[in-house]
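Asker: Can you keep this structure in mind? I'll have questions shortly.
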Amino acid sequence: MKVAVSYKDGEIYEHFGHAECFAIYDFDLDDMSNSTKKLIDVTDRHGHQAMADLMKAEDVAAVLSGNMGGEAKATLLSYGIVPVVGYCGDADTAAESLVLGRLPIIPSGEGGGCSGGSCGGCSGCSGSCGDGEGGDCGCGGSCGC
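Position in the sequence shown (from 1) plus 13 gives the number in the working numbering.
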C-alpha cells in the first residue's frame, strides 16, 4: 500500500498544496520490514491540482497532511485517493500508523490529531502556515503560526 505524506524535516508538513516535498511510503503489508520510502521534491509544482496529479501518477492510496482545502480533497477523492488531514508530528510514525489502522481518523470539522485539541509538543506546525498569515495548521490549535 502506498501512502504519501506532505513532508518537511521528517515531520508532516502543514499544508498539502504548499508542500515542497512528499515522502512516498510503499508498505509491504505482509512484511513491514520490506517497506520503502522515497522523497520527491515538488518545488517545481504549484497548487493542489499539480500535487493531486503527482499522487495519482505515484499510485498512492492515501495522502496524509496537516491541512488540505476542500477542492484538493475532492480532487484526490475523484482519483480514488483518500485524504487524511489534521495531523502533525513524525511522518514515518504517522504513515506506518495509518496503514496499520492505528492512526485515529478525525471526523471532518473536529480539529486535529494532536493531543488536547492543540499541537501540544509536536513540531509539525513550526513556521508559517503556507501563506505566512498565521492561523490553523490543521492540528486544532494555533500551533504558533
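Each residue gets a CB set at the ideal place from its N, CA and C atoms; glycine is no exception. Computed from a prediction, not measured in an experiment: that's the story for all the values here.
Near Asn47, what residues of its chain come up, given a Cβ to Cβ distance below 8 Å and the 5 sequence neighbours on each side ignored?
Answerer: If we look at Asn47 and ignore the five residues flanking it on each side, its Cβ neighbours are Asp41.
Asker: State the CB to CB distance for the pair Ala74 and Lys15, rounded to an integer number of angstroms; the pair is presumed to be in contact (CB under 8 Å).
Answerer: Sure, about 6 Å apart at Cβ, within 8 Å.
Asker: With DSSP run on the structure shown, which of helix, strand or coil describes Glu27?
Answerer: It is coil, neither helix nor strand.
Asker: Can you list the alpha helix (DSSP H) stretches of 4 or more residues lying completely in the stretch 64-95, in chain order?
Answerer: Listed in chain order, the complete alpha helix (DSSP H) runs (minimum 4 residues) inside the stretch 64-95 are 83-91.
Asker: Keeping to the same chain, check which residues put their C-beta closer than 8 Å to that of Glu84; ignore five residues upstream and five downstream.
Answerer: Closer than 8 Å at Cβ, skipping near neighbours: His61.
Asker: Output the boundary residues of the alpha helix (DSSP H) element that contains Thr56.
Answerer: Segment: none, Thr56 is in no alpha helix (DSSP H) and carries neither H nor E.
Asker: Taking the straight line between their C-alpha atoms, what separation do you get for Ala108 and Val98?
Answerer: Rounded to whole angstroms, Ala108 to Val98 spans 12 Å at the Cα level.
Asker: Measure how close the beta-carbons of Phe29 and Val76 come, nearest whole angstrom, since I'm counting them as under 8 Å.
Answerer: Sure, about 7 Å apart at Cβ, within 8 Å.
Asker: Tell me the residue span of the alpha helix (DSSP H) that contains Ala108.
Answerer: Unbroken alpha helix (DSSP H) run through Ala108: 104-112.
Asker: For Leu90, count neighbouring Cβ atoms within 10 angstroms of its own Cβ and tell me buried if that reaches 16, exposed if not.
Answerer: Leu90 should be labelled exposed.
Asker: At which residues does the beta strand (DSSP E) containing Phe40 begin and terminate?
Answerer: Note, Phe40: premise wrong, no beta strand (DSSP E); not H, not E.
Asker: Could you please give the first and the last residue of the uninterrupted beta strand (DSSP E) stretch that includes Tyr100?
Answerer: Looking at the DSSP string, Tyr100 is not in any beta strand (DSSP E), and its letter there is neither H nor E.
Asker: Of the choices Tyr38, Asp66, Lys69, Cys34, whose alpha-carbon is the least far from that of Val55?
Answerer: Nearest of Tyr38, Asp66, Lys69, Cys34 to Val55, Cα basis: Cys34.
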